[in-house]
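In the working numbering, the protein residues as written are 21 to 326.
Beneath this line is the structure, given in structure tokens, with notes to follow.
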């Protein structure tokens, strides 16, 4: 029985990979037609986590009408579907095409170029906003191999292998999430500079959250960028990926803290939360609303940072 289950799992993985590979050969205009249909399915037919999405939107924007939040939700599902197909496109899209579709601002290119030329390391915090999957190509196509990112292993081994192969087109180094800290320490010891990307709006580990007043809610935040910046004495950067139009993004990088060890406790985390909040308030449909952001209540002993 176990053998049959394993065989079935491999077959499903293989078929999924074949479908993804075929889709990657299609031009963007065709991918976006398919994306429109998938976005409609996710929102109105399957209703993928729709209760969670609307609950989050109603908490974040209580003064909006129900119709307004429903419209944001529809735009979110369309954007989520676009991210899926834009990630698939990375399999075969040329470097020239990707460089044309996600552009580093001149100031950001200069900043990252300075870190690259001087052999300096940094931690770059970003959120699930815009298209975070295109961040790696945007930087590494300018400064080869500068950015290192973590990835979460997939349960299906064949699919995991395939997805890593996709990402390795634009990364020299990809690190399993559970090994990232060890990798950062070993590279510092070996004096190998890099910029390490961390999606810092993920659900924080139990007991290590810092609570911030975010989108009108008491929200637990992951403190990894700040703690690692102080531990390793690395500058902490903030990455903004803004969707200018469909399939076109502008990426900006700002310095949150040049000398993290000199910053007050949790000041960097508060600054990150504030900058991410401003991004979301401007274009709420481009944030990932399908996760239960506010499933915990703040313990009474924690003071909220306004």
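Even glycine gets a Cβ: it sits at the ideal position worked out from N, Cα and C.
Here the structure is a predicted model, which is why all the values come from computation and not from measurement.
Based on Cα-Cα distance, which residue from 148, 160, 108 and 287 lies nearest to residue 133? 160
Would residue 313 and residue 76 qualify as a contact pair, given that the criterion is a beta-carbon distance under 8 Å? yes
Classify residue 140: buried if its beta carbon has 16 or more other beta carbons within 10 angstroms, exposed otherwise. Note on residue 140: under 16 other CB atoms within 10 angstroms of its CB, so exposed under the neighbour-count rule.
Are three or more beta carbon pairs between the region 104 to 114 and the region 31 to 48 nearer than 8 Å? In short, these stretches touch, since the Cβ pair count reaches three.
Residues bridged to residue 223 by DSSP? Answer by DSSP bridge pairing: none, since residue 223 is not bridged.
CB of residue 183 within 8 Å of CB of residue 105, strictly: no
Look at the alpha carbon of residue 241 and the alpha carbon of residue 89, and state the distance between them as a whole number of angstroms. Taking the straight line from one Cα to the other gives about 24 Å.
What is the DSSP secondary structure of residue 37, counted as helix, strand or coil? helix
Determine the extent of the beta strand (DSSP E) in which residue 265 is found, giving its start and end residues. Per DSSP, residue 265 belongs to the beta strand (DSSP E) from 255 to 265.
Which listed residue (178, 180, 214 and 304) has its alpha carbon closest to that of residue 255: The option with the nearest alpha carbon to residue 255 is 214.
Just the C-alpha distance for residue 154 and residue 316, rounded to the nearest angstrom, thanks. Approximately 31 Å between the Cα atoms of the pair.
Rounded to the nearest angstrom, what separates residue 186 and residue 29 at their Cα positions? 21 Å
Would you mind stating whether residue 149 and residue 300 have Cβ atoms separated by less than 8 Å? yes
With 16 other Cβ atoms within 10 Å as the buried cut-off, status of residue 27: exposed
Helix, strand or coil for residue 218 per DSSP? strand
Considering only residues of the same chain and omitting the five flanking positions on each side of residue 40, which have a CB-CB separation below 8 Å? Closer than 8 Å at Cβ, skipping near neighbours: 108, 111 and 182.
Give me the Cα-Cα distance between residue 309 and residue 179, rounded to the nearest whole angstrom. 25 Å
Alpha carbon to alpha carbon, how far is residue 280 from residue 258? 13 Å
C-alpha distance - residue 10 paired with residue 247, whole-angstrom precision: As displayed, the chain neither begins before 21 nor continues past 326, which places residue 10 out of reach and without an answer.
Along the chain, which unbroken stretches of the alpha helix (DSSP H) at least 4 residues long are found entirely within the region 54 to 128? 70 to 80, 86 to 109 and 115 to 121
Look at the Cβ atom of residue 238, then the Cβ atom of residue 296, and state whether they are nearer than 8 Å. no
What first and last residue would you give for the beta strand (DSSP E) that runs through residue 278? Note, residue 278: premise wrong, no beta strand (DSSP E); not H, not E.
Would you grab the beta carbon distance between residue 219 and residue 146 for me? Rounded to a whole angstrom, and I think it's under 8 Å. 6 Å
Do residue 128 and residue 271 come within 8 Å of each other at the CB atom, strictly closer than that value? yes
Which residues in the same chain have their Cβ closer than 7 Å to the Cβ of residue 94, if we skip the five residues on either side of it in sequence? 63
Pop quiz: residue 165 and residue 192 are said to be a contact at Cβ under 8 Å. What is the actual Cβ separation, rounded to whole angstroms? 4 Å
Under the rule that 16 or more other beta-carbon atoms within 10 Å means buried, what is residue 144, buried or exposed? buried
Who pairs with residue 268 in a beta bridge, going by DSSP? 265
With H, G and I counted as helix, E and B as strand and the rest as coil, what does DSSP make of residue 170? strand
Rounding to the nearest angstrom, what Cα-Cα distance links residue 72 and residue 86 in this structure? Distance between residue 72 and residue 86, taken at the CA atoms: about 14 Å.
Would you list the residues sitting across from residue 195 in a DSSP beta bridge? 170
Would you kindly report the start and end of the unbroken beta strand (DSSP E) that includes residue 162? No beta strand (DSSP E) holds residue 162; DSSP gives it neither H nor E.
With DSSP run on the structure shown, which of helix, strand or coil describes residue 149? DSSP places residue 149 in the strand class (E or B) of the three-state scheme.
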